[in-house]
Structure formats: structure tokens, C-alpha cells
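Protein chains in written order, with numbering that gives the first Met the number 0: chain A, 0 to 429; chain B, 0 to 429.
Don't be surprised by glycine CBs; every beta carbon is placed ideally from N, CA and C.
The structure presented is a predicted model; accordingly, all values stated were derived computationally and were not measured.
2 protein chains.
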Amino acid sequence: MTTPTLRPPSGLNFLIAAKRCEIDALRQLSLTSALVNVTGRLVHSLQRERGLSNLFLASQGTRFGEPRQQQISECRVIEGELRRCFDSLDTHTAHLGHGARLFSRMAYVLHGLDALPALRQCVDTQGWTARQATDAFARLIAGLLAVVFEAADSASDPAISRQLVALFNFMQGKEFAGQERAAGSALYASGRAERGEQQRLLHLIDSQERCLEVFKEFASDELATLWATADQDTMAARAELERMRRVLCTAAPGSPLDASQSLPWFDCCSLRMDRMKTVEDRMADSLQRLCEHKTQLALSELLDFQALQPAAPGADDALSFFQEPVPEHVAGSGQAPAYGAQVDRSILDLVQDQARRLQSISDELDTVRASLNERKLIERAKGLLMAHRQLSEEEAHKTMRQMAMNQNRRLIDVAEAVLAMADVLPERRR
Amino acid sequence: MTTPTLRPPSGLNFLIAAKRCEIDALRQLSLTSALVNVTGRLVHSLQRERGLSNLFLASQGTRFGEPRQQQISECRVIEGELRRCFDSLDTHTAHLGHGARLFSRMAYVLHGLDALPALRQCVDTQGWTARQATDAFARLIAGLLAVVFEAADSASDPAISRQLVALFNFMQGKEFAGQERAAGSALYASGRAERGEQQRLLHLIDSQERCLEVFKEFASDELATLWATADQDTMAARAELERMRRVLCTAAPGSPLDASQSLPWFDCCSLRMDRMKTVEDRMADSLQRLCEHKTQLALSELLDFQALQPAAPGADDALSFFQEPVPEHVAGSGQAPAYGAQVDRSILDLVQDQARRLQSISDELDTVRASLNERKLIERAKGLLMAHRQLSEEEAHKTMRQMAMNQNRRLIDVAEAVLAMADVLPERRR
């Protein structure tokens with residue numbers, strides 16, 4: 000009994016299907032990078048609102064009311080943009096597997112945005128301290144940055160992933176700078192050096208610098224240079240920032256600080272953050288252009304593939320599958336293969352080229368993503384503490400930060416130590 | 000100027016969207032595991048055809064013609080099934096990002112299947128040696144196993160990924176057993192021990208055992224036991240296999256071998272492979288059931304989510320976002336939150352639970368996937384040799400295998416050594 004072999008769907012169909020997958024993933028990335036762009040602008044706007052809210056609260060509501068209201072209006076406009084952008088992702092997106100994490104982060108952000116009016120009311124009525132307000136804004140901003148992180152972690156193109164990693168680290172570094180601004184401003188304003196806050200400042204400076212290191216590693220030369228230049232151009236401002244940092248961090252605990260330096264510190268930090276924002280904007284633009292460029296490239300490859308006609312292979316031609324692939328330098332040397340074998344052979348070549356390219360993309364992605372591991376390890380350690388010591392997320396984070404400060408170690412080292420204990424802790428699952 | 004806050008898409012929408020992503024990915028996995036099932040059956044059928052083709056060629060076409068033809072018919076039926084399965088994936092699949100690699104592997108397989116009739120003709124006319132035919136079948140089977148590998152590598156659910164990793168390693172181990180059968184059969188038939196072939200046999204036995212180790216590590220206890228039992232039940236056959244292996248591998252190169260042992264060797268190996276197939280079938284069934292179970296679970300969670308009504312949060316309730324999450328042991332202790340806060344708070348809790356769960360899924364996936372790294376490293380090293388020493392894939396693989404044999408090292412160690420040289424080799428890209 001001989002069943003005829005079915006052969007309509009040739010390898011060419013799947014060569015094309017694979018290319019379509021790439022294109023869909025790139026289009027997805029274009030949407031995601033638009034989302035990252037709006038997210039970055041909202042983060043910046045919220046950082047400014049946080050700063051102004053602090054100044055407003057510090058002045059017992061006597062100053063900065065007007066600029067704070069203007070800033071709130073700006074935030075609302077960008078928030079509207081972000082919500083529309085979220086909406087369009089929900090509607091236009093195939094529900095990709097990795098999308099679950101992105102959507103889950105977005106759900107969290109939306110809860111935070113819904114809660115913003117209530118937060119503002121607490122500031123309006125001066126019902127919260129500056130520190131409470133700062134922490135609340137920081138939590139929302141952390142949620143927004145987590146969206147950018149997921150975008151970077153799920154990108155399927157190494158060049159784009161690289162830029163997203165650079166951008167995420169830059170944004171995270173800028174947020175540490177923002178927290179430094181708030182903490183330093185409050186410390187100056189208090190008029191007295193305090194050990195815990197000084198430690199916190201040192202950690203924020205350290206974390207900030209490590210983020211900028213990673214940024215430099217992954218950014219394009221052009222953007223890394225742009226940031227280096229921006230930093231150079233304002234050398235005087237940087238020197239002033241470093242001087243004020245030194246005063247803040249080296250004052251003996253309990254000794255007096257000049258409270259009038261609070262506003263100059265604030266302005267000096269703000270200048271730096273605004274400068275960072277211009278670099279960030281350039282990165283977001285360049286990311287968007289890169290996504291479009293890559294999509295166009297893939298589309299034109301798709302057209303090339305679609306123009307190919309699969310040859311019905313004769314018995315001899317078909318055997319090429321089982322024979323050694325022609326090494327590249329021989330294939331390029333002008334030896335013409337027999338007519339008829341040409342087309343089919345070249346599709347097989349294309350299939351193998353594609354497989355190789357996809358493999359090297361995947362290898363490169365693994366490398367780029369490894370750089371996101373630090374954050375993942377910290378998250379994992381936090382989860383472990385929450386599960387085994389019955390802590391809330393906030394408590395777990397504070398515990399680790401406290402361990403880091405007490406032992407004068409980096410947060411990542413503490414996370415690794417916590418994870419190393421995992422084996423001796425009782426398992427919850429399985 | 001105050002722009003009203005847009006708030007229709009609440010966090011709940013994205014909680015649901017994230018769940019939909021999970022469901023779509025699980026459905027995808029159901030299709031993929033059906034594909035893996037058919038792939039496994041075709042591999043087994045081709046392994047039998049390869050064996051019978053070898054015996055047919057070794058007998059100069061005087062024996063095994065009839066069973067070979069029957070086997071070819073069986074192969075054709077399953078090939079038809081596989082092609083239909085490929086088709087349905089192309090049509091029913093959102094073009095997921097990781098799908099590109101899977102489709103690219105499928106394109107390669109289809110080329111191989113198109114070339115099968117030509118291969119069979121070479122066997123019919125005895126135009127090829129047994130070794131040539133074996134290598135040709137092995138290449139096609141390697142392509143089919145690569146499909147299973149990609150399925151395992153792209154699975155988004157840790158439990159399913161774990162089973163796919165177990166299954167892939169089992170199938171790969173069985174293929175090494177099949178190559179051992181062919182090589183040993185030919186070596187006995189040749190009547191004379193030969194150093195190169197003896198080395199090759201030892202490597203095949205070693206590779207096989209390492210695959211089965213990984214299988215044991217990742218298989219469910221039930222399936223690992225099933226295989227252990229199947230192996231025990233036929234202890235006599237296993238002892239005979241080990242005896243024949245010893246004779247083959249320890250004979251002094253050049254000394255005579257008993258050619259009449261070729262067929263008993265073949266039968267002994269075949270018995271083992273058939274036993275492996277029954278375990279493999281059980282794994283494929285269990286995989287399919289697991290996919291369905293997980294999909295049902297996720298669907299019922301989706302229904303739960305959809306039944307929730309987002310509360311329009313009052314100002315006070317909304318602030319829960321900025322306050323410490325209630326630790327699990329407190330939340331479960333019966334303290335009733337104020338009415339109104341209940342619903343909204345519980346959605347925020349759900350969002351945070353989901354985020355934590357997705358994070359732990361992602362961590363676990365990283366761990367499972369790490370086990371696929373060995374193969375990836377070998378592929379990457381091969382790619383490096385191809386690029387820098389202008390070798391074909393086949394040549395690169397042979398070179399590495401040769402290095403492993405000469406230096407008495409495992410292939411993975413050679414791959415790591417090759418990759419360690421990468422830095423001193425000239426870069427092609429960037």
C-alpha cells in the first residue's frame with residue numbers, strides 16, 4: 000500500500016512564515032518603543048511634580064503652588080497620552096507570550112495613575128510629609144520604569160534590545176538622581192546631618208553611577224558621546240554638585256547643615272536631570288527610527304522571498320539536501336551550478352542562512368539580556384524574603400537595603416547572598 | 000489649563016489582557032506539542048527505515064526488501080500527518096516572535112522531506128553505501144529533532160517546558176542509540192575492528208547516556224520510573240547489548256569480528272529502541288494532557304477576572320496603591336477592610352499576585368532553559384568554526400567531533416574551548 004506524498008507546503012512557505020514572525024515582532028517593538036517614549040516623558044514630568052511638591056510642602060504651602068499646578072497640568076496631558084498608548088497596545092496586539100509580563104506591569108501602573116488625584120490631594124492639604132509624598136511618587140515611577148524594563152527584556156531584536164537596555168538604565172539612573180535630589184534637599188532643609196539619610200544618599204549616588212556605566216556599555220557611540228559631552232559642557236555645575244554632595248555626606252552626624260542650601264542643591268540637581276532628559280529624548284527618537292528601519296528591512300526581505308518560485312525538484316537536485324553545503328567562498332567563486340538545481344538550491348541556502356541568522360540573533364539576545372539580570376536577581380531575592388519571612392514587598396526591599404548599608408555592600412551582593420540561602424530555606428512549592 | 004484625566008481602561012483590563020496572553024501562549028503550546036508528537040513518530044519510523052535500508056544495502060539488495068517497503072509506506076503516512084500539522088500551524092498561529100526559529104526549522108525539515116524520494120531511489124538502486132544512506136537519514140532526523148528543540152526552548156510555561164526538555168533529550172538519546180545501531184551493525188558486518196568506528200561508537204554511547212541523564216533530571220517521577228522499569232524488565236537484553244558493545248569496542252584494531260553477529264546486534268538494539276518508543280509515547284500523551292489542563296486552568300482564571308467589576312475608587316481607597324501591601328498572613332487573618340475599599344483593593348492584590356507569579360514563571364523558565372545551553376554552545380562553536388575557518392556545517396561538526404575523539408574530551412568541552420578562542424579570532428561583524 001503506497002500513500003502518495005503530500006507536498007504543497009514547501010520549505011519556502013515556512014521561510015516566509017518565519018520572516019513574517021520577525022516582522023510582526025518588529026512592529027510590536029515599534030509600538031512598544033512608542034510606549035517607552037511616552038513613559039519616559041511621564042516619568043520626567045512626575046519627577047518634576049515630585050520635586051515641586053516637596054518644595055511646596057517644605058514651605059508649608061506658602062511657595063511653589065503655582066509652578067506645581069502647572070506641572071500637574073502637564074502631567075495630566077502626558078498621562079492621557081500614555082493611557083491612549085496603553086489602549087492601542089491592548090487593541091492592536093497579538094497576545095504575545097512575553098506580553099503577559101508587560102500587560103501585568105501596565106495594570107499596576109494604571110492603578111497608580113488612578114490613585115494620583117488622591118495623592119495630589121494629600122499634598123494640597125499638606126496631610127502628608129515631604130518624605131511620604133516622595134515615596135508615593137517613587138513607587139509610581141518604579142512601576143513606570145518596570146514597563147520599560149519588560150520592554151527591554153522582551154525585545155526580539157538584539158540591536159533594539161541593546162538600545163532599550165541603554166535607555167532603561169539611563170532612565171533608572173535619572174530616577175536615582177531624582178531621589179537623590181529629594182533626599183538631599185530634605186536633609187539640607189532639616190538643618191542637621193543624619194547618619195541614615197547620609198548613607199541613603201551615598202547609595203543613591205552609587206546606584207546612579209552603576210546605571211550610567213551600563214548605559215555607556217550598551218548605548219551607541221553617538222549617544223554615549225552625547226551624554227559625555229553634555230556632562231562636560233556643564234563642568235562648573237557638576238563641580239558644584241560634587242561639592243554639595245561632599246558637604247552633605249561627610250558632615251558629622253548631628254552637626255548643623257546650612258538650610259539655605261536646600262534650594263540651590265535642588266536647582267543644581269534639577270539642571271543635571273534636565274540635561275539627562277535631552278539625552279533621553281534623543282535615545283527615544285533613535286530607538287523609534289531603528290525600529291522603523293529594521294521593519295522596512297525585514298519587509299523588503301519578505302518581498303524578495305515572496306518573489307521566489309519554488310522549483311519542483313527533480314530527483315538529483317533534491318539530493319542537495321543530503322550533500323555538504325557549498326562553503327561560502329566556493330559558492331561565491333563563480334562556479335555555476337547546473338540549471339534547475341539553481342533555484343531549489345538557493346532556497347535551501349536561504350533556509351540555512353535564515354536559521355544561522357536567527358541562531359546568532361538569539362545568542363546575541365541572551366548576552367544583552369544577561370545585563371538585565373542584576374535587577375532580576377534583586378527581584379528574586381525580594382520574592383524569597385517575602386515568601387519565607389512573611390514580609391511585604393516594601394519591607395523586603397527595605398530589609399535588603401538595610402543589610403546593604405549595614406554591611407557596606409552593594410544591593411546586588413546582598414541579593415546574591417539571600418539567594419544563596421535559598422537552599423537552606425524550606426521550599427514552598429513542588 | 001486643566002485637562003481632564005482619561006480613565007476608562009482600568010488596571011483590570013490589563014490584568015485580563017495579561018491572562019489572555021498566557022492563554023494564547025498555552026494554546027500555541029498545545030499545537031506545538033501536537034507537532035512534537037507527530038515529529039517523534041516520524042523520527043521513529045525513519046529510524047526503522049534507516050535500519051532496514053542498511054540491512055537491505057548490506058545484503059546487496061537480496062534481503063529486507065519487503066519489510067523496507069512496508070516501512071516506507073508507514074513513513075509516508077506519518078509524513079502526510081506531519082505536513083498537515085505544519086500547515087495548520089502556519090494558518091492558525093499568531094506569528095509569535097520566537098515562532099521565527101520554529102518556522103525556520105520547519106522550512107529546513109520540509110526540504111529534507113521533499114528530498115526523501117530521491118534518497119530512497121539511491122537505496123533502491125544500491126547507488127549509495129550503507130554509510131551514505133545512514134548519514135542522509137541522520138541529517139533529516141537531526142532537522143526533525145531541531146524542531147522539538149525549538150519547541151522546548153520557546154515554551155512559556157515552566158512545567159510544560161520541563162516536559163519538553165525531558166522529551167527532547169529522550170528523543171535525542173534514542174537517535175544516538177539509532178546511530179549506534181547502524182554503526183555497530185556495519186562494523187560487525189565488515190568483519191574487522193577499526194579504530195575510528197570504535198571511537199565513534201564509544202562517543203555515541205556516551206552522548207546517549209548523557210541525554211538520558213538530563214531526561215531523568217527533568218521528567219516527572221512517573222515517567223522517569225516508567226523508563227527505569229522498562230529498562231529493568233529486559234535486563235537480559237540489556238546485558239546482551241552491553242556484552243556485544245564490549246566485544247565491538249575492545250577488539251584490537253585490525254582484528255577479526257564475527258560478521259554473523261551483525262543481525263543479532265541489530266535486533267538487540269532495535270528491541271531497546273522500541274522500548275524507548277513506548278516511553279516516548281507516554282511522554283507525548285502526558286505533555287498533551289498537561290497543555291490542555293493548563294489551558295483550562297488559565298481559562299477559568301480568566302472567567303474569574305472577567306466577573307470582577309472595577310470599583311470607581313474614592314480618594315481614600317485609591318491611596319491603598321501608595322501604602323504598604325498587606326502581608327499575606329495578615330490579609331488571610333479575617334480582618335475585614337472597609338467596604339468599598341474591598342473590591343478595588345482586591346484587584347490591586349490580584350495585579351500584584353499576577354506580577355509575582357509571572358516573575359517566578361520567568362525565573363523558573365530561565366533555569367529550565369539553561370539545560371538546553373549545552374546544545375546551544377555546540378551550535379555556536381560550530382558557527383564560529385564555519386565563519387572563521389570557512390567550513391561547511393558538516394565539516395565544522397566533524398572537526399569538533401574529531402577534536403573530541405583525539406583529546407578524549409566531551410563535545411561540549413571542545414565547544415567551550417572553541418568559544419574561548421573567539422576573542423583571539425578576527426571579528427566579522429560590527
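Does residue i come out as helix, strand or coil in the three-state DSSP assignment?
{"i": "Pro252 (chain A)", "result": "coil"}
{"i": "Ile15 (chain A)", "result": "helix"}
{"i": "Phe63 (chain A)", "result": "coil"}
{"i": "Ala117 (chain A)", "result": "helix"}
{"i": "Ala454 (chain B)", "result": "Nothing in the structure corresponds to residue 454 (chain B), since chain B is present only between 0 and 429."}
{"i": "Gly313 (chain A)", "result": "Caution applies to Gly313 (chain A), whose pLDDT of 49 falls short of 50 and renders its modelled position unreliable; the value that the coordinates give is listed next. Coil at Gly313 (chain A), not helix or strand."}
{"i": "Ser32 (chain B)", "result": "helix"}
{"i": "Arg199 (chain A)", "result": "helix"}
{"i": "Ala419 (chain B)", "result": "helix"}
{"i": "Asp205 (chain B)", "result": "helix"}
{"i": "Asp156 (chain B)", "result": "coil"}
{"i": "Ala414 (chain B)", "result": "helix"}
{"i": "Arg40 (chain A)", "result": "helix"}
{"i": "Arg409 (chain B)", "result": "coil"}
{"i": "Ala395 (chain B)", "result": "helix"}
{"i": "Thr128 (chain A)", "result": "coil"}
{"i": "Thr233 (chain B)", "result": "coil"}
{"i": "Leu347 (chain A)", "result": "helix"}
{"i": "Leu262 (chain A)", "result": "helix"}
{"i": "Gln171 (chain B)", "result": "helix"}
{"i": "Ala185 (chain A)", "result": "helix"}
Please report the straight-line C-alpha distance between residue i and residue j, rounded to a whole angstrom.
{"i": "Val413 (chain B)", "j": "Asn407 (chain B)", "result": "10 Å"}
{"i": "Val213 (chain A)", "j": "Asn36 (chain B)", "result": "44 Å"}
{"i": "Leu240 (chain A)", "j": "Ala141 (chain A)", "result": "25 Å"}
{"i": "His43 (chain A)", "j": "Leu349 (chain B)", "result": "28 Å"}
{"i": "Asp280 (chain B)", "j": "Glu193 (chain B)", "result": "36 Å"}
{"i": "Gly10 (chain B)", "j": "Gln351 (chain B)", "result": "11 Å"}
{"i": "Val164 (chain A)", "j": "Thr228 (chain A)", "result": "21 Å"}
{"i": "Ala250 (chain B)", "j": "Arg374 (chain B)", "result": "32 Å"}
{"i": "Val325 (chain B)", "j": "Gln287 (chain A)", "result": "Only weak support is given to the placement of Val325 (chain B): the predicted model assigns it a pLDDT of 36, under 50, and the value that follows is read from those uncertain coordinates. Each residue's alpha carbon lies about 40 Å from the other."}
{"i": "Ala314 (chain B)", "j": "Leu115 (chain A)", "result": "Because the pLDDT at Ala314 (chain B) is just 44, under 50, the model does not fix this residue reliably, and the point stays unresolved."}
{"i": "Lys215 (chain B)", "j": "Gln231 (chain B)", "result": "15 Å"}
{"i": "Gly172 (chain B)", "j": "Arg244 (chain B)", "result": "17 Å"}
{"i": "Gly111 (chain B)", "j": "Leu307 (chain B)", "result": "52 Å"}
{"i": "Cys20 (chain B)", "j": "Ser361 (chain B)", "result": "14 Å"}
{"i": "His328 (chain B)", "j": "Phe320 (chain B)", "result": "For His328 (chain B), the predicted model reports a pLDDT of 32, less than 50, meaning its position is unreliable and no value from the coordinates is stated."}
{"i": "Leu357 (chain A)", "j": "Ala99 (chain B)", "result": "8 Å"}
{"i": "Asp23 (chain A)", "j": "Ser285 (chain A)", "result": "20 Å"}
{"i": "Leu56 (chain B)", "j": "Ala395 (chain B)", "result": "29 Å"}
{"i": "Tyr187 (chain B)", "j": "Asp257 (chain B)", "result": "6 Å"}
Would you grab the beta carbon distance between residue i and residue j for me? Rounded to a whole angstrom, and I think it's under 8 Å.
{"i": "Cys248 (chain B)", "j": "Leu200 (chain B)", "result": "6 Å"}
{"i": "Asn53 (chain B)", "j": "Thr133 (chain B)", "result": "6 Å"}
{"i": "Leu45 (chain A)", "j": "Ala158 (chain A)", "result": "Not quite, the Cβ-Cβ distance comes to about 30 Å (not below 8 Å), so this is no contact."}
{"i": "Met385 (chain B)", "j": "Gln198 (chain B)", "result": "The Cβ separation is near 24 Å, so there is no contact."}
{"i": "Ser206 (chain A)", "j": "Leu364 (chain A)", "result": "Ser206 (chain A) to Leu364 (chain A), Cβ: 26 Å. No contact."}
{"i": "Ala17 (chain A)", "j": "Phe102 (chain B)", "result": "4 Å"}
{"i": "Lys293 (chain A)", "j": "Asp156 (chain A)", "result": "6 Å"}
Let me check one thing: in DSSP terms, what residues is residue i bridge-paired to?
{"i": "Arg191 (chain B)", "result": "B:Pro255"}
In chain B, which residues lie less than 9 Å from residue i when you measure between Cβ atoms?
{"i": "Leu410 (chain A)", "result": "Residues of chain B passing the Cβ test: none, with the nearest at roughly 17 Å."}
{"i": "Ser9 (chain A)", "result": "Ala106, Leu109, His110 and Asp113"}
In chain B, what lies closer than 7 Å to residue i by C-beta?
{"i": "Glu378 (chain A)", "result": "Gln358"}
Name, please, each residue of chain A whose Cβ falls closer than 7 Å to the Cβ of residue i.
{"i": "Ser345 (chain B)", "result": "The contacting residues do not exist; Ser345 (chain B) stays about 12 Å from chain A at best."}
{"i": "Met105 (chain B)", "result": "Phe13"}
Going along chain D in order, which residues have a C-beta closer than 7 Å to the C-beta of residue i?
{"i": "Arg355 (chain B)", "result": "Included in the structure are the protein chains A and B, with no chain D among them."}
What in chain B is Cβ-close to residue i, meaning under 8 Å?
{"i": "His202 (chain A)", "result": "Chain B residues near His202 (chain A): none, gap ~21 Å exceeds 8 Å."}
{"i": "Arg138 (chain A)", "result": "Phe320 and Phe321"}
Can you name the residues of chain A whose CB is closer than 9 Å to the CB of residue i?
{"i": "Ser361 (chain B)", "result": "His97, Arg100, Asp152 and Lys375"}
{"i": "Leu118 (chain B)", "result": "Ala317, Leu318, Phe320 and Phe321"}
Chain A partners of residue i, CB-CB under 8 Å?
{"i": "Val350 (chain B)", "result": "Ser103, Ala106, Tyr107 and His110"}
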